[in-house]
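Enquirer: Residue numbers (the working numbering): 11 to 344. Ideal Cβ positions, reconstructed from N, Cα and C, are used throughout, including at glycine.
1) Going by DSSP, what residue range makes up the alpha helix (DSSP H) through residue 157?
2) Would DSSP call residue 39 helix, strand or coil?
3) Starting from residue 279 and walking both ways along the beta strand (DSSP E), at which residues does that stretch end?
4) Could you compute how far the alpha carbon of residue 186 sits from the alpha carbon of residue 179?
5) Looking at C-alpha atoms only, which residue of 161, 177, 33 is the closest neighbour of residue 113?
6) In chain order, what residues of the same chain have a beta carbon less than 7 Å from the beta carbon of residue 58, not counting five sequence neighbours either side?
7) At the level of alpha carbons, what is the spacing between residue 13 and residue 299?
8) According to DSSP, simplified to helix, strand and coil, what is residue 147?
9) Nearest to residue 327 by CA position, among 87, 56, 132, is which residue?
10) In terms of alpha-carbon separation, which member of 46, 286, 198 lies closest to residue 214?
11) Who are the Cβ neighbours of residue 56 in its own chain at under 7 Å, not counting the five residues just before and after it?
12) Distance check for residue 206 and residue 167, CA to CA, integer angstroms please.
13) By the DSSP assignment, the alpha helix (DSSP H) with residue 94 in it spans what residues?
14) Along the chain, where does the alpha helix (DSSP H) that runs through residue 272 open and close?
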């Protein structure tokens, strides 16, 4: 736990509380019920990986990048997400900073809440995300239909997320899990995918890599993707540490598997520059984590189970159909 006199930690906590916790953590329970392990519990690989917030954030950036190589995902976001800037309801091709902040806030509350929240909190978050997915249906400009409840889409989405989080952890965490411990993370995280309705999900590092590459024939760079990556971000005024900045775009593309790099036309810088960039990012992420320490939600979860834990839930897969809700109804209950 960082010292109360740590200026960096204090400023970070104030900013996180104002921008994220107060807006997106409402109703989430971390301090109780006593003994409730939630979905994972102490000693789990998920608790360890998700406690390093800077690499968790980078992993989500990487996951979003590779996820968007699926044209249907690009058009789902374009048609339904608040990230695209809109004028009179029509996307302009730009990014809405507030919409991007809302997406980030919901993502953080989900991956922190399902990791450290009570069982009821994790289940509530999963129901909310499933309900939102049920509303995302439409048709791409080329006439192909998309549906966020499609099992093939759910498998792709799951594989991109676990890949992004695990890859950022392996590359940039000061003390990353390795070998069997890292494989345990892949096995544990399946619970999150199952809770969102996924089936036949890859549960090892090798299976995730194989699953991602198996989708290559259906992937492509859409105009949406092309306009928001690589040289097209050269004149961006976004701060280096923010999603959508040239630096974070480089960090995401640099983590990609080789086949995805080729698809995205990623040309790594010369070896000296590449090493310097990776080292700089490693230092920044770990210095920030060392200065701020784990989030209060993590510390609350540890205190919740300090005296022992009750039996974990047997399954996170939905056991009944979800009610049909409009997007407005889903957001009102989020």
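Expert: So, from the listed chains and residues:
1) Residue 157 -> not in any alpha helix (DSSP H); beta strand (DSSP E) instead, spanning 155-157.
2) Reduced to three states, the DSSP call for residue 39 is coil.
3) Residue 279 -> no beta strand (DSSP E), and no H or E assigned at all.
4) Just so you know, the alpha carbons of residue 186 and residue 179 end up roughly 6 Å apart.
5) For the residues 161, 177, 33, the minimum Cα distance to residue 113 belongs to 33.
6) Leaving aside the five residues that flank residue 58 on each side, the residues in its chain whose CB is nearer than 7 Å to its CB run, in chain order, 187.
7) Any reading at residue 13 must be qualified, since the residue scores a pLDDT of 49, below 50, and its modelled position is unreliable; the value itself is stated next. Put simply, the backbone Cα of residue 13 is about 13 Å away from that of residue 299.
8) Per DSSP, reduced to three states, the secondary structure at residue 147 is strand.
9) 132 is the residue among 87, 56, 132 whose C-alpha sits nearest the C-alpha of residue 327.
10) Selected option, being the one with the closest Cα: 198.
11) Spatial neighbours of residue 56 in its own chain (CB-CB distance under 7 Å, excluding positions within 5 residues in sequence) are listed in chain order as 50, 125, 195, 198, 199.
12) Distance from the CA atom of residue 167 to the CA atom of residue 206, rounded to whole angstroms, is 10 Å.
13) In this chain, residue 94 is not harboured by any alpha helix (DSSP H); it is covered by the beta strand (DSSP E) spanning 94-97.
14) Taken as a continuous stretch (DSSP letters only), the alpha helix (DSSP H) holding residue 272 covers 268-273.
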